[in-house]
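These notes concern the structure reproduced below.
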Amino acid sequence: MTYQEDLSQDGCFVSVGYLSRRHDYPKGEISDAAFDRLATLAMRPLGGWAGEHSCDLGSCGSKLSQPEFKWRGMRIPRCCSTDIVIPDRTVIYVAPALILHYIRAHHYLPPSRFIEAALNCPEPNSDEYRAEIKRIAPNSCYAN
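To convert, take the position in the sequence shown, counting from 1, and add 596; that gives the working numbering.
Printed below as a string of structure tokens:
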């Protein structure tokens, strides 16, 4: 996966959670409610991408066996091929679904405004959710 600095912007899209072992990242904890919301968004993606993003942080970049993380019965994978998409007033946050692993396994602390947007985001794949994305980025691949 290509590293992108948190809150880096490309038009109306703002990147969060595209981490790399070559760059430091903020550490801390998020609430269970915030993690639940991100998990819900990750489980209902708008689409998938060709290829897979794998974690290379800490011991995940080695051939050592890794612990498996679970959340409320859901297995948290160390790789993904989907994004979490969160519309927020004038921007759309985009994060790899791998962010769940980063948070649990590596104590990554996403920016507070990203977490706030996730908590206030309409239900994924609802008409309101899609309308917000279309309003902010009418010509994007996420607006269809």
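Where a beta carbon is used, it is the ideal one built from N, C-alpha and C, also for glycine.
Everything numeric in this text was worked out from a predicted model, so none of it was measured.
Closest by C-alpha distance to residue i, when choosing among the options
| i | options | result |
| --- | --- | --- |
| A714 | I695, N735, R617 and H703 | I695 |
| A691 | N735, I711, L653 and G607 | I711 |
| A701 | C675, M639 and P707 | C675 |
| I688 | L603, R640 and V610 | V610 |
| R726 | P683, A629 and P707 | P683 |
Beta-bridge partners of residue i, as assigned by DSSP
| i | result |
| --- | --- |
| Q605 | V610 |
| Y698 | Paired residues: none, contrary to the question. |
DSSP state of residue i mapped onto helix, strand, coil
| i | result |
| --- | --- |
| E664 | coil |
| Y725 | helix |
| I682 | strand |
| R633 | helix |
Separation of residue j from residue i, as counted between CA atoms
| i | j | result |
| --- | --- | --- |
| R731 | S722 | 14 Å |
| S627 | L634 | 11 Å |
| Y738 | R668 | 28 Å |
| D632 | C717 | 13 Å |
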